[in-house]
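Numbering (the UniProt record's numbering), first residue to last: 1 to 123.
These notes concern the structure reproduced below.
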């Protein structure tokens with residue numbers, strides 16, 4: 001399984017973007033982005049992850065274990081409206097929302113695993 005940093009590197013390379021281009025887009029140094037990719041900095045701030053995903057034109061969830069879909073991001077009307085509202089929030093509120101979403105996804109993943117396990121027992 002790939003780490004978040006490895007996924008960032010892979011997508012960046014597929015998009016033919018340099019470390020410096022990503023760094024400029026997210027307001028960080030190329031050294032910092034390199035540390036994200038190599039795992040030296042494993043806890044990447046949510047705001048930076050969102051900025052990286054936006055710059056690389058991927059769904060932020062694709063940088064985690066939930067999915068690995070590096071296709072261009074296509075949003076429904078509802079998702080577009082939600083993004084507009086999200087962008088109006090303060091940075092701390094954005095981070096809070098991202099934490100909540102991650103917790104919800106973790107809970108969903110756990111429920112799905114339990115349901116799968118339960119179904120296997122009934123076979």
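Every residue gets a Cβ at the ideal spot worked out from N, C-alpha and C, and that includes glycine.
Everything numeric in this text was worked out from a predicted model, so none of it was measured.
When 88, 116, 44 and 55 are compared, the shortest CA-CA separation from residue 64 is found for 44.
Apart from the 5 residues on each side of it in sequence, residue 9 sits with its Cβ closer than 7 Å to the Cβ of 37 in its chain, given in chain order.
Judged by beta-carbon spacing, residue 19 lies within the 8 Å limit of residue 33, meaning their Cβ atoms are closer than that value. Within its own chain, the residues whose Cβ lies closer than 7 Å to the Cβ of residue 28, once the five positions on either side in sequence are excluded, are 48, listed in chain order.
About 19 Å separates the beta carbon of residue 46 from that of residue 6, a gap too long to meet the 8 Å contact definition.
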